[in-house]
Every structure is written in structure tokens, then in C-alpha cells.
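In this text, residue positions in the sequence shown follow my numbering: the first is 158, and each later residue adds one.
Worksheet for the structure shown next.
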Amino acid sequence: MLLPSPIQTYFDANTTLDPDAMVAPFAEGAMVYDENARYDGKDAIRAWIDQSTVAVSAIAIPQAIVSRGNIHSVTAEVSGAFPASPVSLTFRFALDSDRITELEIK
Numbered sequence: 158m159l160l161p162s163p164i165q166t167y168f169d170a171n172t173t174l175d176p177d178a179m180v181a182p183f184a185e186g187a188m189v190y191d192e193n194a195r196y197d198g199k200d201a202i203r204a205w206i207d208q209s210t211v212a213v214s215a216i217a218i219p220q221a222i223v224s225r226g227n228i229h230s231v232t233a234e235v236s237g238a239f240p241a242s243p244v245s246l247t248f249r250f251a252l253d254s255d256r257i258t259e260l261e262i263k
């Protein structure tokens, strides 16, 4: 499956639970929406990755992508040390050039 470069970088870094590499493709003013919370900026996104991904060893394996303009919705199977694992989630990315400006997970 062919993913845009910043999205591929995000998922590749997730497989090794590397928070620095996961946050690298985000723009400075990026936003993440996950579990009814919003995280603004790279520092908040890094803290969210530490808590929501690294702490529970959550690994997301992309299964499919639908792209419309700069919006890319990736369906992924996520497994880790959390209730109901594994789950299928949709990661909706907004891109500006080679940076992730927004990520919403449902």
C-alpha cells in the first residue's frame, strides 16, 4: 500500500514505538484529536504519543487508505496492552506539503 511520505513515516516509527520519530512528520502547529481530547502543537502531541501509544505498546498496521486532496483516511488494526485489543481505527490525516497538520483518530 502506498502512503504519503509523512504518513508512512508516522506508521513506520509506530512499529518501533519511537515517539521522537512519530512526532517528526507533524507541523509545528499541528493538532491531534483522539478520544474526545485535542492536543495542540508538537510538545502536546509528543506527550499524547507517550501516554496513548508507547505506554500501552499500541502498534497500528495500516490496512487501507482513501485519499481526497490533502485528506487521507487510513484504516488500521491497532493492537497492544489495552482493553479490546486489537481494534480497527481510522486515522484521518490532513497534510500540508510534507507535514501532518491534523490527525483525528476514530
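C-beta atoms are modelled at their ideal positions from N, C-alpha and C, and glycine is treated no differently.
- As the crow flies, the alpha-carbon of Thr-247 is around 19 Å from that of Gln-208.
- In the three-state scheme derived from DSSP, where H, G and I count as helix and E and B as strand, Pro-240 is classed as coil.
- In this structure, DSSP gives Ser-209 a helical state, which the three-state scheme calls helix.
- Separation of Glu-261 and Asp-191 (C-alpha to C-alpha, rounded to the nearest whole angstrom) is 6 Å.
- Excluding the 5 residues flanking it on each side, Asp-175 has no same chain C-beta neighbour closer than 7 Å.
- Residue pairing for Met-188: DSSP places it in a beta bridge opposite Asp-197 and Glu-259.
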